[in-house]
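Novice: Residue numbers (full-length UniProt numbering): 1 to 145.
1) For a quick check, are the C-beta atoms of residue 69 and residue 62 less than 9 angstroms apart?
2) With DSSP as the reference, label residue 14 as helix, strand or coil.
3) Using DSSP bridges, identify the partner residues of residue 89.
4) Using a 10 Å radius around the Cβ and a threshold of 16 neighbouring Cβ atoms, would you call residue 40 buried or exposed?
5) Out of curiosity, what's the CA-to-CA distance linking residue 67 and residue 117?
6) Specify the secondary structure class of residue 122 as computed by DSSP and reduced to three states.
7) For a quick check, are the C-beta atoms of residue 46 and residue 108 less than 9 angstroms apart?
In structure tokens:
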């Protein structure tokens with residue numbers, strides 16, 4: 001039976017950057033883009049973002065890890081291709097540390113170089129939202145626009 005996005009369990013321990021050899025965004029300031037994005041996240045979705053995901057087999061295409069949250073609730077979620085370590089995107093998330101732990105995606109930064117075929121904002125949001133669904137079990141379809 002195929003796994004649905006909402007049934008994927010988070011890893012037993014938090015995925016960290018040191019779990020894989022990674023490369024940073026390319027040094028092409030004009031081709032690395034950042035825009036706002038306003039998507040509500042439940043406490044369970046926040047937990048899944050914090051925990052991340054490491055590839056378990058050759059077919060797994062993504063390595064996802066987070067940095068933070070800091071004392072003000074800021075969390076960065078980084079997306080890298082699993083075969084090359086190429087950095088594709090970073091989500092900026094703000095967590096309500098005084099409440100139930102819900103939060104929201106407040107922005108996205110992505111690689112728009114030739115390495116990603118000049119990916120634009122719509123393509124970046126679509127790629128990351130589908131990756132969130134299938135890799136982490138986090139469905140953000142309602143916040144695509």
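Here a beta-carbon is modelled for each residue, glycine too, at the ideal position from N, C-alpha and C.
Specialist: Looking at the coordinates:
1) No, they are not a contact pair.
2) Residue 14 falls in the coil class under three-state DSSP.
3) Paired residue(s): 79, 110.
4) Taking all protein chains shown into account, residue 40 has fewer than 16 neighbouring C-beta atoms within 10 Å of its C-beta and is therefore exposed.
5) Between residue 67 and residue 117, the C-alpha separation is close to 27 angstroms.
6) In the structure shown, the three-state DSSP call for residue 122 is helix.
7) The beta carbons of residue 46 and residue 108 sit no closer together than 9 angstroms.
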